[in-house]
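Residue numbers (the working numbering), protein chains in the order written: chain A, 871 to 1293; chain B, 2 to 328. Okay, so here's the structure we're looking at.
Structure, rendered in structure tokens:
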């Protein structure tokens, strides 16, 4: 008998939801044959059988979320295949088939959530009772690390957390907020609406956004950028680029390039908060939010600082296409150190994005609109203006660094000319 | 207060009850002139004479039968079964007669009798001198079953058993007789039947035991304290009627319970304790209730290594308790 465990589908992923069993108990399975589909907050993955045999037992039902390492099924090894991996064969790599995140109407600014707190498994009755008694939210719960076997949250962990939560006066306000959480907002319509069932993705995004907002002190700042040079250049280069490369030259790679330059100048924004210190990332990996049919996914342009504008355009286009086709791989959605979001395509002018932990910032490109502005010599001219809105983690950096970053990005964009190489 | 062994406390308890109440008498194999194989009644024959300390034939059915007849007629017999293993021939008298007599006579008759029986292993006693019988008799309605683990409880519960209007099976763990010493209060010091006792307060987990295992669990709790785990130790003392309230209270307090007994596992006292906790303290549990018991093999082996393997000991209880603490 070999047990199949919930695989680790990404470095920051701690749990997964069983979406669909592709085999039923009694079925023969071949080694590497698809066994089960798993949804995490980042990817949908098909997990292959670690060995050949007969599926004896399914331990976790569809729709249930369990932590990484939890036994989800038992396979009885076939005799012929017994020389294969040992009885506790580690879960093999999931196959390269990553669907777009399923979720209804995800706001474009919701970057890839880190961890799902939905249905934390193995909460003992005592722990459940304490959670209820102290009104501990899902988001709070996901922040509590378990000291028990397999990371189980014990009664003591909750008691310690409650004691800690009650301590500093500064936390008072947050506690108050956590404690209220009425089931229905005051003044809800007398005729109750129909609840739309929450998909695992919806819950994951919700809990991550809450966690982000509760743990990261967001600060927000906006820079107004004159995009006229970029717009003009793009208009000129558009057709030849399309002809040569086969893809559209959008504003995204240009903005990403500008962001990379900004991050190089202000590296503190390419960092993560941790209690042991701010972690300065060596790579510059830019997550680019892509809206898909019924949700949102944030693929990552890895080592964006090593790519030209054309290279960025290629990679961004490929990622977006594969995101919509549902064929991203796990590494495609991992390791972002900063995120760029493009709500401007829908005409927004000021966007307050929520940071995707553990990143320190997220930049929203808002709509490019023609406006009369005062230019040199007190003349009024029509220019293509755009707002760049930056949300940043105020634990990691202060307003001065944020402003310097935006200034760097703005100057790079405003100074754009044909001199800047496309390749 | 004075330090006494369990055997001294039991002897003292019988002596004091016989002195207090002339209807109390002893009957059993070698309890008289020899003073009992464990010397529990040493000196009592001399003090109270052959009519109150009666050497019986080697016939357990007779010992219990005589005690029943005497109890019906207003006496308060203390019948000794030399080893608990030998009780089987008396089972008909105990279960069919003694346990039911009050019920059968609609309360017209009570049987104020005590059956003392040295039980348990760890003394190299092998198949016929090591058995645990508490689950077998605990199952019988109408019978009280007591299993003290300390000198004070042994004396206090023996007095309560003698004074009880109904039959009480009084189990004395033979390994504790001279191993366990403790303060015994002067005077009566009656310990009520049916009351468990928290022998050590703790907050992280509960160890529930009785008899010899109590001593082991207290040692384990001390070791756990050295590792930062606060263990509560509940001594059941009475097997039947079991103290549900005390069991539920400790389970609710710590949320983690380990039940220990040397009796075999299947349908043992641990199973009953676990069921009580599930029924009344489920919402307070922070871990599956665990048990450490003797294995389901027919009897305690003679071979020393195998006897060690049968008996739960401090190391094994400690390992299990750590597993529970870490859960």
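Note that the Cβ used here is the ideal one computed from N, Cα and C, for glycine as well.
I need the boundaries of the beta strand (DSSP E) containing residue i, first residue and last residue.
| i | result |
| --- | --- |
| residue 1157 of chain A | 1156 to 1158 |
| residue 1251 of chain A | 1249 to 1263 |
| residue 889 of chain A | 885 to 891 |
| residue 918 of chain A | 914 to 918 |
| residue 78 of chain B | 77 to 81 |
| residue 22 of chain B | Per DSSP, residue 22 of chain B belongs to no beta strand (DSSP E) and is neither H nor E. |
| residue 1232 of chain A | 1231 to 1235 |
| residue 200 of chain B | 198 to 201 |
| residue 45 of chain B | From DSSP, residue 45 of chain B is part of no beta strand (DSSP E) but of the alpha helix (DSSP H) over 45 to 49. |
For residue i, which residues in chain A fall below 7 Å Cβ to Cβ?
| i | result |
| --- | --- |
| residue 327 of chain B | 1018, 1019 |
By the three-class DSSP mapping on this structure, what secondary structure does residue i have?
| i | result |
| --- | --- |
| residue 1089 of chain A | strand |
| residue 968 of chain A | Any reading at residue 968 of chain A needs caution, since the residue's pLDDT is 43, under 50, leaving its predicted position unreliable; the model's value is listed next. Residue state, collapsed to three classes: strand. |
| residue 978 of chain A | Because residue 978 of chain A carries a pLDDT of 37, less than 50, the predicted location of this residue cannot be relied on, and no value is offered for it. |
| residue 176 of chain B | coil |
| residue 120 of chain B | strand |
| residue 185 of chain B | strand |
| residue 39 of chain B | coil |
| residue 1198 of chain A | strand |
| residue 241 of chain B | strand |
| residue 1170 of chain A | strand |
| residue 59 of chain B | coil |
| residue 1052 of chain A | Because residue 1052 of chain A sits at a pLDDT of 48, beneath the cut-off of 50, its placement in the model cannot be relied upon, and the following sentence gives the value as read from the coordinates. It is coil, neither helix nor strand. |
| residue 1193 of chain A | helix |
| residue 210 of chain B | strand |
| residue 324 of chain B | helix |
| residue 1130 of chain A | helix |
| residue 7 of chain B | helix |
| residue 924 of chain A | strand |
| residue 1292 of chain A | coil |
| residue 1216 of chain A | helix |
| residue 165 of chain B | coil |
| residue 30 of chain B | coil |
| residue 871 of chain A | coil |
| residue 932 of chain A | coil |
| residue 939 of chain A | coil |
| residue 257 of chain B | coil |
| residue 1146 of chain A | coil |
Counting only Cβ pairs nearer than 8 Å, list the residues of chain B close to residue i.
| i | result |
| --- | --- |
| residue 997 of chain A | 287 |
| residue 1221 of chain A | Residues of chain B passing the Cβ test: none, with the nearest at roughly 45 Å. |
| residue 994 of chain A | 256, 286, 287, 288 |
Quick one: give me the first and last residue of the alpha helix (DSSP H) that residue i is part of.
| i | result |
| --- | --- |
| residue 1110 of chain A | 1098 to 1115 |
| residue 305 of chain B | 305 to 311 |
| residue 329 of chain B | Nothing can be reported for residue 329 of chain B, as the shown portion of chain B is limited to 2 through 328. |
| residue 1277 of chain A | 1269 to 1284 |
| residue 139 of chain B | 135 to 139 |
| residue 128 of chain B | Looking at the DSSP string, residue 128 of chain B is not in any alpha helix (DSSP H), and its letter there is neither H nor E. |
| residue 275 of chain B | 270 to 282 |
| residue 1010 of chain A | 1008 to 1012 |
| residue 1367 of chain A | Residue 1367 of chain A lies beyond the residue range present for chain A, which begins at 871 and ends at 1293; the question has no answer from this structure. |
Can we count residue i as close to the ligand GTP, meaning its CB is less than 7 Å from some heavy atom?
| i | result |
| --- | --- |
| residue 1292 of chain A | Looking for the ligand GTP in the displayed structure turns up nothing, as the structure carries no ligands at all. |
task = Taking only beta carbons into account, state which residues of the stretch 284 to 313 of chain B come closer than 7 Å to chain A, listed in chain order.
result = 284, 285, 286, 287, 288
query = Which residues, taken in chain order from the stretch 181 to 195 of chain B, show a beta carbon closer than 9 Å to some beta carbon of chain A?
reply = none
key: Where the stretch 1007 to 1033 of chain A meets chain B: residues whose CB sits under 8 Å from a CB there   = 1018, 1019, 1022, 1024, 1025, 1026
Residues, ordered as in the chain, of the stretch 250 to 266 of chain B that lie near chain A by beta-carbon distance below 7 Å = 256
inquiry  = I want to know whether the stretch 92 to 101 of chain B touches the stretch 134 to 145 of chain B - three or more CB-CB distances under 8 Å.
reply    = yes
Chain-ordered residues of the stretch 1243 to 1261 of chain A with a beta carbon less than 9 Å from chain B = none
message = Does the contact criterion of 3 or more C-beta pairs under 8 Å hold for the stretch 258 to 276 of chain B versus the stretch 288 to 295 of chain B?
response = yes
inquiry  = Count Cβ pairs between the stretch 171 to 181 of chain B and the stretch 191 to 208 of chain B that sit closer than 8 Å; are there 3 or more?
reply    = no
Three CB pairs or more closer than 8 Å across the stretch 1199 to 1210 of chain A and the stretch 1243 to 1252 of chain A = no
ask   = Counting pairs of Cβ atoms below 8 Å between the stretch 917 to 933 of chain A and the stretch 890 to 908 of chain A, do you hit three or more?
value = yes
query = Do the stretch 1068 to 1088 of chain A and the stretch 997 to 1016 of chain A make contact, defined as three or more Cβ pairs closer than 8 Å?
reply = yes
request  = Examine the Cβ distances between the stretch 1169 to 1184 of chain A and the stretch 24 to 35 of chain B and report whether three or more of them are shorter than 8 Å.
outcome  = no
query = With a cut-off of 8 Å, do at least 3 Cβ pairs link the stretch 1083 to 1100 of chain A to the stretch 1148 to 1155 of chain A?
reply = no
request  = Answer yes if the stretch 40 to 60 of chain B comes into contact with the stretch 184 to 194 of chain B, meaning at least three C-beta pairs across the two stretches below 8 Å, and no otherwise.
outcome  = no
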